[in-house]
Amino acid sequence: SQQGEEDPQALSIQEGENATMNCSYKTSINNLQWYRQNSGRGLVHLILIRSNEREKHSGRLRVTLDTSKKSSSLLITASRAADTASYFCATDTGRRALTFGSGTRLQVQP
Amino acid sequence: NAGVMQNPRHLVRRRGQEARLRCSPMKGHSHVYWYRQLPEEGLKFMVYLQKENIIDESGMPKERFSAEFPKEGPSILRIQQVVRGDSAAYFCASSPGEGKGTEAFFGQGTRLTVV
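Taken in sequence, the protein lines are chains L and Y.
Start counting the first sequence at 22; every next residue gets the next number (the working numbering).
Start counting the second sequence at 12; every next residue gets the next number (the working numbering).
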């Protein structure tokens with residue numbers, strides 16, 4: 022598997038529910054970042070968590086990082102139809118450009 | 012700050028032609044990255060450049076592909092003798108540079124279609 026793999030590949034929920042996406046990686050990192058991509062558009066940076074941090078919040082977003090398990094999770098609370106998008110984790114190892122996973126496609130049903 | 016600007020947004024080329032994709036990074040950003048995205052897939056790293064230097068081109072095919080980031084002007088990703096398999100969305104991202112943050116700001120992409 023590649024550095025930065027998201028799970029699940031696709032997720033469909035109802036508006037108001039919480040959405041949880043997971044990311045696993047293989048090598049040591051400086052930080053891990055989550056991005057969102059609306060269909061046919063570029064990626065938008067959501068949140069960055071450093072390797073010495075365990076949890077971070079930004080609005081309805083909550084990110085956790087477990088460096089011992091080499092995994093991260095992104096939680097979107099009280100989801101809205103506008104949250105429908107693909108979500109990617111990206112790892113920064115300090116040696117090269119960000120490495121992206123294959124993404125989780127989130128569908129929020131109104 | 013206009014953000015990362017890519018042009019054209021859509022590009023159609025016949026097999027064997029050349030494709031030139033342009034990327035103007037955000038003001039003050041000295042690092043540029045090119046990624047390729049196939050439908051329903053993630054972004055695959057191609058090349059990482061700083062002004063007048065290629066830092067890492069390990070993700071870029073050795074043949075037909077080249078990239079530059081001149082002292083003046085945009086970064087250019089050039090694909091010679093395009094083939095159908097080159098059809099994809101090509102995204103450019105920029106960041107401030109080492110020690111100033113690694114958060115990447117993406118352009119809207121260029122969608123290349125080879126017919």
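Beta carbons: idealized from backbone N, C-alpha and C, even for Gly.
(1) Considering only residues of the same chain and omitting the five flanking positions on each side of GLY70 of chain Y, which have a CB-CB separation below 7 Å?
(2) On the three-state DSSP scale, how would you describe ALA99 of chain L?
(3) Could you check what DSSP says for ARG116 of chain L in three-state terms: helix, strand or coil?
(4) What does the Cβ neighbour count give for VAL65 of chain L, buried or exposed, with the cut at 16 atoms within 10 Å?
(5) What in chain Y is Cβ-close to ARG117 of chain L, meaning under 7 Å?
(6) Checking the sheet assignment: what are the DSSP bridge partners for HIS42 of chain Y?
(7) For SER33 of chain L, report the span of its beta strand (DSSP E) as first-last.
(8) Using a threshold of 7 Å, state whether the C-beta atoms of VAL93 of chain Y and ALA13 of chain Y are closer than that.
(9) Where do the ends of the beta strand (DSSP E) carrying MET42 of chain L lie?
(10) Kindly list the residues whose CB is nearer than 8 Å to the CB of GLU74 of chain L, restricted to its own chain and excluding five residues on each side of it in sequence; keep chain order.
(11) At a Cβ cut of 8 Å, what residues of the region 101-121 of chain Y count as close to chain L, listed as they run along the chain?
(12) Against chain Y, which members of the region 70-87 of chain L pass a CB distance test of less than 9 Å?
(13) Please check the pair GLN17 of chain Y and GLN119 of chain Y, which I expect to be a contact at CB under 8 Å, by giving their CB distance rounded to whole angstroms.
(14) Please list, in chain order, all residues of the same chain as THR98 of chain L whose beta carbon is under 6 Å from its beta carbon, the five residues on each side excluded.
(15) Would the region 87-96 of chain L and the region 34-52 of chain L be scored as touching if the rule is three or more Cβ pairs under 8 Å?
In this structure, then:
(1) These residues qualify, in order along the chain: LYS55, PHE56, MET57 and VAL58.
(2) ALA99 of chain L falls in the coil class under three-state DSSP.
(3) ARG116 of chain L falls in the coil class under three-state DSSP.
(4) Flag for VAL65 of chain L reads exposed.
(5) TYR59 and ASP67, listed in chain order.
(6) HIS42 of chain Y is bridged by DSSP to Y:GLN61 and Y:SER106.
(7) From DSSP, the beta strand (DSSP E) with SER33 of chain L extends over 31-35.
(8) In this structure, VAL93 of chain Y sits away from ALA13 of chain Y, with a CB-CB distance that is not shorter than 7 Å.
(9) 40-45 is the span of the beta strand (DSSP E), which, as asked, contains MET42 of chain L.
(10) The beta carbon of GLU74 of chain L is closer than 8 Å to those of LEU86 in its chain, skipping five residues each way along the sequence.
(11) Residues PHE102, ALA104, THR113, GLU114, ALA115, PHE116, PHE117, GLY118, GLN119 and GLY120.
(12) Residues of the region 70-87 of chain L with a C-beta atom less than 9 Å from some C-beta of chain Y do not occur.
(13) About 6 Å separates the two Cβ atoms, so the contact holds.
(14) Same-chain partners within the cutoff: ASN39 and ARG81.
(15) When C-beta atoms of the region 87-96 of chain L are compared with those of the region 34-52 of chain L, three or more pairs fall below 8 Å, so the two segments count as touching.
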